[in-house]
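These notes are about the structure you will find just below.
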Ligand SMILES: *Cc1c(COP(=O)(O)O)cnc(C)c1O
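In the working numbering, the protein residues as written are 203 to 562.
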């Protein structure tokens, strides 16, 4: 028998969420963002399932290599561009698009000899101040790009928003105005919107959408649930009870004996812990579903196990199913208890878990 801790990936939910992007922003091209192993869901698995995407966005060459090796022939965009000149040669060979966000990459691009002109996405820093050229440099950079035979003339202009997960946010308005002022006179395709902007800022949709989180069925807007946007969770993290005991008031549970029963308590041990990607710092009271009913996690998770309070479930027994997040328990809520964001929980699921696909 294998360890019961497992991740279920619901491919029908993934496709449903992809269609939701098209419903919310009809007629736009879609770059499905699949960096970080498709937010923990499995890079090739997700790309195969979303093969009608106009492009895939990845963070590095290794991820692009994996997609090409899996037979994916859609456009693939290196979102942080090349990290070295050698990577440009490899991007040329693998037929990848590259984001150019810094002078150093522009120099590299001008100095290498490529077999054909690369597709370039020119990134403008409209205020997030992470990647991108300063607005007043854009027209010069644009001209330089036009004169290099290494660069395809159909360049896409892009920017990234810092605060789109809040509605009616002033900084979003300013970034959109900046981008429009800088790019107005340039005849090129444009791309602004991540998931939060797709859902919250229709004026940001432009030519190319760049959804990540929403594809995986998680709400990109603060204080909203996935179902508010008709999104369906794709990943469920599940396991089983592997031990059940009745403890007396005052008895400790787990390492350090930090947590003690406030009264006589029935507890259950679940086979899942931080070694699987369940956050150790999720506080006591974090919900888990035992037999579909809410129970509270008590104490801190250990590497392979965590503990739930079964006081309200006298009938719970070894082998009963436990959901830690997913189809029936919002990852947004678990993230709140762990003082993090759903992105981090998704990306953190460990590869030692058994992955199974459903509804494929
Ligand atoms: C990760 C990323 C996205 C997707 O963001 P979500 O919030 O997951 O939708 C879009 N664009 C860029 C440049 C990114 O790095």
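Virtual Cβ for every residue (Gly too), placed ideally from N, Cα, C.
Here the structure is a predicted model, which means the values were calculated and not measured.
Query                                                                                                                           : Result
Presumed contact (8 Å Cβ cut-off) between residue 314 and residue 352, rounded CB distance                                      : 7 Å
Under the three-state DSSP convention, the category residue 204 falls into                                                      : coil
Beta strand (DSSP E) segment containing residue 299, residue limits                                                             : 299-302
Extent of the continuous alpha helix (DSSP H) run through residue 372                                                           : 372-385
Nearest-angstrom Cβ-Cβ length linking residue 299 and residue 279, presumed shorter than 8 Å                                    : 4 Å
Continuous alpha helix (DSSP H) stretch holding residue 441: start and end                                                      : That residue, residue 441, is in no alpha helix (DSSP H); its beta strand (DSSP E) goes 437-449.
Enclosing alpha helix (DSSP H) for residue 505 [first to last residue]                                                          : Element bounds for residue 505: n/a, residue is neither H nor E.
Within-8 Å CB hit, residue 237 to chain B                                                                                       : Considering every chain present, this structure includes no chain B. It has just one protein chain.
Contact set for residue 564: own chain, Cβ-Cβ below 7 Å, skip 5 residues either direction                                       : No answer is possible for residue 564: the residues shown for the chain start at 203 and end at 562.
Cβ contact check for the segment 447-459 and the segment 225-241: 3 or more pairs under 8 Å                                     : no
DSSP beta-bridge partners of residue 259                                                                                        : 235, 279
Where residue 353 sits in the DSSP three-state scheme                                                                           : strand
The segment 233-248 / the segment 453-469 touching (three or more Cβ pairs under 8 Å)                                           : no
Cβ contact (3+ pairs, closer than 8 Å) linking the segment 300-307 and the segment 315-324                                      : yes
Per-residue burial, residue 506 [other beta carbons within 10 Å of its own, 16 or more giving buried]                           : buried
Cut-off 8 Å between Cβ atoms - residues of its own chain near residue 552, not counting five sequence neighbours on either side : 477, 478, 479
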